[in-house]
Structure formats: C-alpha cells, structure tokens
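**Q** Position one of the sequence shown corresponds to residue 827 (the working numbering), numbered consecutively onward.
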Amino acid sequence: MVLRKPELAGDGRFANNAMRSLHRHELRTEILECFSRLTGKELRHRLDQAHIANARFKEMREVWRHPQLAAGNRWSRVESPAGDIPALKPPGVNDQFEYRMDPIPRRDR
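#1: Is Leu-848 helix, strand or coil when you go by DSSP?
#2: What's the C-alpha gap between Arg-887 and Leu-895?
#3: Are Arg-912 and Arg-932 touching if we call contact CB-CB under 7 Å?
#4: What residues are listed by DSSP as bridge partners for Ser-862?
#5: Going along the chain, which residues of its own chain have a beta-carbon closer than 7 Å to the beta-carbon of Phe-861, five neighbours each way excluded?
#6: What whole-angstrom Cβ distance do Val-828 and Leu-873 have, given they're in contact under 8 Å?
#7: Quick check on DSSP: helix, strand or coil for Val-828?
#8: Quick one, are the C-beta atoms of Leu-914 and Arg-900 less than 7 Å apart?
#9: What is the C-beta distance between Glu-852 and Lys-831, in whole angstroms, given that I count them as a contact (C-beta under 8 Å)?
This is how it looks when you write it as structure tokens:
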C-alpha cells in the first residue's frame, strides 16, 4: 500500500469512487500527510511497487534541454530587446512552410 495505512483499506469513506469523492477532503489530507514525508524517489518507488502509473516531474531547465526538442528541430531563434534568444516553434510541425517567428517587441514603459 502506498500510504502504508492498512486501516484505510477498510474505511467505508474510501470504499469506492463515489465515497472517495464524497470524502475527498479527508482523503486528500491523508495523501498529503503521507506524501509530504517522502522524497520524490521514495514516492515513485512506492507507486511503482503498487503498479500505479506515475512519472517524475521535470524542472523547466530539463524540459528545455530535452533531446526530443532538438531531434524534432523544434527550436528557432528570435530577436528580443535582450538580443537573439532561442524560442520554441509553434506546435503542429509542417514541412510545407517556414514558421513565422517575429521579433519580440520592446515594451515602452
């Protein structure tokens, strides 16, 4: 069990989806209380052991460096008030045209 509270398995408040929904605030409290004491690695291990789908959240710098973005030629460059910067192309890749990537306008204060 992920929460390691076997007494919850027999708790009528959580016996089915309808009851869990009705008592969602109490269930949320139980989950947060347990998860707040675990590292991400510990939590993923418990979820894996229980065969519950999960994934590690990435920090934004990891998202930007994801190899699929480079492999899919998803990056472009645009001019900005701070100089030339990298920018992701819009979703929906189409080889039939070049994406419009206009400069970022300077904001007047």
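A virtual CB, placed ideally from N, CA and C, is assigned to each residue, including glycine.
**A** If we stick to the structure as given:
#1: helix
#2: 13 Å
#3: Reading off the sequence shown, one finds Pro at residue 912, where the question assumed Arg. No, the pair does not count as a contact, with Cβ atoms beyond the cut-off.
#4: In the DSSP output, where bridge partners are listed per residue, Ser-862 has none listed.
#5: Leu-869
#6: 6 Å
#7: coil
#8: yes
#9: 12 Å between Cβ atoms; not a contact.
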